[in-house]
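Asker:
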Amino acid sequence: MRPHIRRAISGVIALIAIASIGHAEPQHGIAMYGDPALPPDFVSLPYVNPDAPPGGRIATAEVGSFDSLNPFIRKGSVPWQLRFFLGESMMGRSLDEPFTLYGLLAESVETGPNRKWVEFTLREGAEFSDGSPVTVEDVLWSYETLGTVGHPRYLGFWTKVEVMEQTGPRSVRLTFNTEDRELALLAGLRPILKKAQWDGVDFAETTTQIVPITSAPYVIDRFEAGRYVSLRRDPDYWGNAVPFRVGTNNIDEVRLEFFGDETAAFEAFKVGEVNTNREFNVARWESQYNFPAVQNGDVVLSILPHERPSGMTGFVMNTRRDQFADWRVRDAMLHIFNFAFINEAMTGSAQPRITSYWSNSPLGMSDGPATDRVRAFLEPFADDLLPGALDGYSLPVGDGTVRNRAGTAAALAQMAAAGWTVQDGAMKDASGKPFTFDILLAQGASENQAIIDIYVESLARIGVTPSVTVADSAQFKERTDTYNFDMTYYRVGVSLSPGNEQYNYFGSETADQPGGRNLMGVKSAAADAMIARLLTSESQDDFVAAVKALDRVLTTGRYVIPIYQWNISRIAHSKNLQYPQDIPIFGDWPGWQPDVWWYAEQ
Numbered sequence: 000m001r002p003h004i005r006r007a008i009s010g011v012i013a014l015i016a017i018a019s020i021g022h023a024e025p026q027h028g029i030a031m032y033g034d035p036a037l038p039p040d041f042v043s044l045p046y047v048n049p050d051a052p053p054g055g056r057i058a059t060a061e062v063g064s065f066d067s068l069n070p071f072i073r074k075g076s077v078p079w080q081l082r083f084f085l086g087e088s089m090m091g092r093s094l095d096e097p098f099t100l101y102g103l104l105a106e107s108v109e110t111g112p113n114r115k116w117v118e119f120t121l122r123e124g125a126e127f128s129d130g131s132p133v134t135v136e137d138v139l140w141s142y143e144t145l146g147t148v149g150h151p152r153y154l155g156f157w158t159k160v161e162v163m164e165q166t167g168p169r170s171v172r173l174t175f176n177t178e179d180r181e182l183a184l185l186a187g188l189r190p191i192l193k194k195a196q197w198d199g200v201d202f203a204e205t206t207t208q209i210v211p212i213t214s215a216p217y218v219i220d221r222f223e224a225g226r227y228v229s230l231r232r233d234p235d236y237w238g239n240a241v242p243f244r245v246g247t248n249n250i251d252e253v254r255l256e257f258f259g260d261e262t263a264a265f266e267a268f269k270v271g272e273v274n275t276n277r278e279f280n281v282a283r284w285e286s287q288y289n290f291p292a293v294q295n296g297d298v299v300l301s302i303l304p305h306e307r308p309s310g311m312t313g314f315v316m317n318t319r320r321d322q323f324a325d326w327r328v329r330d331a332m333l334h335i336f337n338f339a340f341i342n343e344a345m346t347g348s349a350q351p352r353i354t355s356y357w358s359n360s361p362l363g364m365s366d367g368p369a370t371d372r373v374r375a376f377l378e379p380f381a382d383d384l385l386p387g388a389l390d391g392y393s394l395p396v397g398d399g400t401v402r403n404r405a406g407t408a409a410a411l412a413q414m415a416a417a418g419w420t421v422q423d424g425a426m427k428d429a430s431g432k433p434f435t436f437d438i439l440l441a442q443g444a445s446e447n448q449a450i451i452d453i454y455v456e457s458l459a460r461i462g463v464t465p466s467v468t469v470a471d472s473a474q475f476k477e478r479t480d481t482y483n484f485d486m487t488y489y490r491v492g493v494s495l496s497p498g499n500e501q502y503n504y505f506g507s508e509t510a511d512q513p514g515g516r517n518l519m520g521v522k523s524a525a526a527d528a529m530i531a532r533l534l535t536s537e538s539q540d541d542f543v544a545a546v547k548a549l550d551r552v553l554t555t556g557r558y559v560i561p562i563y564q565w566n567i568s569r570i571a572h573s574k575n576l577q578y579p580q581d582i583p584i585f586g587d588w589p590g591w592q593p594d595v596w597w598y599a600e601q
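The C-terminal residue of the sequence shown carries number 601 in numbering that gives the first Met the number 0, and the numbering is unbroken.
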């Protein structure tokens with residue numbers, strides 16, 4: 000492990016030494032805990048190539064479609080990358096520190112005692128892509144508009160802003176109505192849009208006719224709805240000399256090509272229609288990446304490490320539905336999911352399983368009973384916690400055989416405890432009503448379909464016959480946004496510095512908010528309390544314990560059937576696409592590949 004990675008990860012264990020008061024004068028950056036690792040006179044981020052040449056093209060194959068180009072609203076299906084390409088903010092996040100921001104649109108940041116307020120000073124010369132200056136008025140409008148009619152990811156922050164005001168020709172201050180040290184950093188990450196563009200236009204409506212004007216390095220050059228989006232590097236981008244931007248955004252064109260399914264997307268890569276592909280299926284990586292372009296060296300296979308927590312990937316059960324309101328039923332679904340057999344079939348058992356939301360990190364729940372601070376934080380909620388939260392819990396794995404006898408027996412026992420038994424070959428309740436549910440999948444997700452096919456066969460062994468619905472990308476988004484599903488594919492990423500986003504993921508108040516991320520419908524006083532505690536912890540030990548406790552609440556809630564984790568990234572790419580040797584701890588965090596890669600003819 001490289002020294003700078005060790006230092007950064009220790010930010011969770013050692014750098015979380017909370018300052019008693021915030022900075023009292025303008026600074027070049029701000030960290031969640033302690034001070035930024037880079038000095039005021041830093042010239043570039045440590046993981047970029049400051050001498051990377053500009054030029055070239057990167058093209059990716061995306062599965063699905065889109066009907067909107069505004070990533071800042073709830074409505075519509077938007078290419079997920081656009082939020083990172085178009086969303087320039089007052090500050091930018093370093094991927095080499097747990098949670099540290101450096102000046103971008105803002106030349107400086109200042110915070111008051113206990114971070115009850117934060118003030119940003121705009122950098123002179125900051126411009127939108129149309130050449131107009133970024134003003135304080137644009138900043139104020141962006142905060143309020145995103146916080147009131149924007150995507151749900153922005154709404155929670157806005158409710159915690161008590162006062163927002165202009166304090167100078169280029170300065171804006173936000174004062175908060177609650178104790179929460181993270182708010183000063185979240186303020187630095189709100190995208191800034193051009194107010195004048197939206198005069199007389201409904202910002203919240205879906206359209207491909209209006210592309211948000213921002214100050215970011217890329218602009219949307221061409222697109223065809225549902226087919227492709229081409230982003231062009233702005234040759235007049237204002238911020239090329241800003242230290243946070245040096246060595247980034249080197250590629251002239253970023254093109255997103257859309258295909259109906261994974262097979263078509265992979266074939267497009269093989270024939271050179273796109274020139275990079277991140278592979279999630281290790282079996283395919285080992286067996287199908289021997290096509291001519293790989294053999295002759297035109298395509299390079301790179302394996303890149305990262306040190307992020309696993310997050311949660313799998314199939315989520317909607318507790319708003321009667322079928323999954325009982326935790327014992329959810330537990331049965333976990334037992335009948337024959338992970339060992341599925342992992343062998345899908346990956347040759349090469350991928351480790353996700354074991355909790357923060358597995359693969361120092362913040363993950365420990366084996367065995369809860370101890371010390373973790374136990375102390377959870378014990379006030381003992382009567383409401385599910386089995387295992389205090390006494391210890393591990394996910395059922397299966398024995399690797401097709402029949403999985405032990406898992407099947409455990410599933411039958413839990414279903415019986417919940418009032419369901421096998422009658423005439425079908426799982427029914429006392430009144431004879433059969434137990435069934437629908438599994439919602441996105442069109443083109445062939446790997447998820449393969450996993451579900453195996454799962455459906457296992458469910459038949461306990462007399463359960465679910466239906467499977469495959470929806471196109473727009474229908475899938477509409478149904479998941481409104482929680483109109485029984486079970487569906489689920490992915491949530493977490494970081495080494497969890498904060499306010501946890502309310503959106505797992506908070507009771509957001510559980511029924513359309514477009515939110517709490518797909519399982521968690522409404523847990525214990526989870527809410529652990530999120531509040533991690534936001535207000537005043538010591539390293541309390542912060543870590545609060546996250547570990549939250550991990551226990553969520554994992555023992557049996558909300559998601561986890562599949563495998565990806566602790567490395569497998570990226571196949573043109574030999575002309577190159578990346579720095581110094582890989583940050585967050586590795587290929589969304590946007591990292593085109594952000595710091597460059598194109599050079601070989």
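Backbone N, C-alpha and C define an ideal beta-carbon position, used for all residues, glycine too.
Just so it is clear, the structure is predicted and the values come from calculations on it, not from any experiment.
Per the DSSP calculation, D437 is bridged to which residue(s)?
Answerer: For D437, which the question treats as bridged, DSSP gives the partners S466.
Asker: Where does the unbroken alpha helix (DSSP H) through E537 begin, and where does it stop?
Answerer: Premise fails: E537 is in no alpha helix (DSSP H) and is neither H nor E.
Asker: Could you tell me which residues DSSP puts in a beta bridge with R490?
Answerer: The partner list for R490 (beta bridge, DSSP) reads T312.
Asker: Is the beta carbon of L518 sitting closer than 9 Å to the one on V315?
Answerer: Contact: yes.
Asker: Have a look at Y217 and P579 and give me their C-alpha separation to the nearest angstrom.
Answerer: Taking the straight line joining both Cα atoms gives about 21 Å.
Asker: Leaving out the 5 sequence neighbours to the left and right, which residues in its chain are closer than 7 Å to S445 when beta-carbon positions are compared?
Answerer: Counting only Cβ-Cβ distances below 7 Å, and skipping sequence neighbours, we find D260, E261 and T262.
Asker: Tell me whether P53 is buried or exposed, calling it buried when 16 or more other Cβ atoms sit within 10 Å of its Cβ.
Answerer: Per the 10 Å Cβ criterion, exposed.
Asker: Could you give the distance in angstroms between the alpha-carbon of S107 and the alpha-carbon of E600?
Answerer: Whole-angstrom Cα-Cα distance: 38 Å.
Asker: Closest to G363 by CA distance: which of I29, K194, D550 and D398 is it?
Answerer: Considering only alpha carbons, the answer is D550.
Asker: Is there a Cβ of chain D sitting closer than 9 Å to that of F202, yes or no?
Answerer: Reference to chain D is not applicable here, since this structure consists of a single protein chain.
Asker: In this structure, does DSSP put G347 in helix, strand or coil?
Answerer: Here G347 sits in coil by DSSP.
Asker: According to the Cβ coordinates, are A195 and S131 closer than 9 Å?
Answerer: Contact: yes.
Asker: Tell me which residues share the same chain as Y288 and place their Cβ nearer than 7 Å to its Cβ, disregarding the 5 neighbours each side in the sequence.
Answerer: Hits under 7 Å: L300 and A571.
Asker: Quick test of your reading: W611 and V148, contact by CB under 8 Å. State the CB separation rounded to the nearest angstrom.
Answerer: It is not possible to answer for residue 611, since the shown part of the chain is limited to 0 through 601.
Asker: So for A425, helix, strand or coil by DSSP?
Answerer: If DSSP states are grouped into helix, strand and coil, A425 belongs with the strands.
Asker: Counting pairs of Cβ atoms below 8 Å between the region 265–284 and the region 342–358, do you hit three or more?
Answerer: Flag = yes, the region 265–284 and the region 342–358 touch.
Asker: Tell me the rounded alpha-carbon separation between A264 and E61.
Answerer: Whole-angstrom Cα-Cα distance: 7 Å.
Asker: Does N248 pass the burial test, meaning 16 or more other C-beta atoms within 10 Å, or should it be called exposed?
Answerer: Buried, since its Cβ has 16 or more Cβ neighbours within 10 Å.
Asker: Compute the beta-carbon to beta-carbon distance between V401 and F340, rounded to the nearest angstrom, for a pair I have assumed lies under 8 Å.
Answerer: Going by Cβ atoms, the distance from V401 to F340 rounds to 6 Å, so yes, they are a contact pair.
Asker: Going by the beta-carbon positions, is the gap between L411 and I453 smaller than 9 Å?
Answerer: No. Outside cutoff.
Asker: Could you give the uninterrupted runs of the alpha helix (DSSP H) lying entirely in the region 281–342, keeping only those of 4 residues or more?
Answerer: If we require 4 residues or more, the alpha helix (DSSP H) runs fully inside the region 281–342 come out as 281–286, 291–294 and 326–335.
Asker: I'd like to know whether the C-beta atoms of T213 and S67 end up nearer to each other than 9 Å.
Answerer: No, these two residues do not count as a Cβ contact at 9 Å.
Asker: Out of curiosity, what's the CA-to-CA distance linking G238 and G28?
Answerer: Each residue's alpha carbon lies about 17 Å from the other.
Asker: Using only alpha-carbon positions, find the residue among Q422, T158 and G514 that is nearest to S76.
Answerer: Selected option, being the one with the closest Cα: G514.
Asker: Contact defined as beta carbons within less than 8 Å: I believe Y615 pairs with G313. What is the distance between those atoms, to the nearest angstrom?
Answerer: A question about residue 615 goes unanswered here, because the residues of the chain that appear run from 0 up to 601.
Asker: Considering only C-alpha positions, which residue in the set F376, A409, V298 and V270 is nearest to L333?
Answerer: Considering only alpha carbons, the answer is A409.
Asker: Excluding sequence positions up to five away, which residues of its chain have a Cβ less than 6 Å from the Cβ of W596?
Answerer: These residues qualify, in order along the chain: L576 and Y578.
Asker: If you check the beta carbons only, do P38 and Q26 fall under 9 Å apart?
Answerer: Taking 9 Å as the Cβ cut-off, P38 and Q26 do not qualify as a contacting pair.
Asker: Taking C-beta to C-beta, are R307 and S93 nearer than 9 Å?
Answerer: For R307 and S93, no; Cβs fall outside 9 Å.
Asker: Roughly how many angstroms separate the alpha carbons of T110 and P234, rounded to a whole number?
Answerer: So the alpha carbons of these two residues sit roughly 34 Å apart.
Asker: Does the region 466–473 come close enough to the region 420–430 that 3 or more CB-CB pairs lie under 8 Å?
Answerer: In short, these stretches do not touch, since the Cβ pair count stays below three.
Asker: Who are the near neighbours of R180 in its chain, counting only those whose CB is closer than 6 Å to its CB and skipping five residues on each side?
Answerer: Excluding residues within five positions, the ones whose Cβ falls inside 6 Å are R114.
Asker: Would you tell me roughly how many angstroms separate the C-alpha atoms of T207 and I219, rounded to the nearest one?
Answerer: Using only the alpha carbons, I get a separation of about 11 Å.
Asker: Could you spell out the range, first to last residue, of the alpha helix (DSSP H) harbouring P151?
Answerer: P151 to W157 is the extent of the alpha helix (DSSP H) around P151.
Asker: According to DSSP, what are the bridge partners of G167?
Answerer: DSSP, once it has assigned bridges, lists S170 as partnering G167.
Asker: My assumption, with CB atoms under 8 Å, is that P211 sits in contact with L85. Please give the rounded CB distance.
Answerer: The pair is a contact, with the Cβ atoms about 6 Å apart (cut-off 8 Å).
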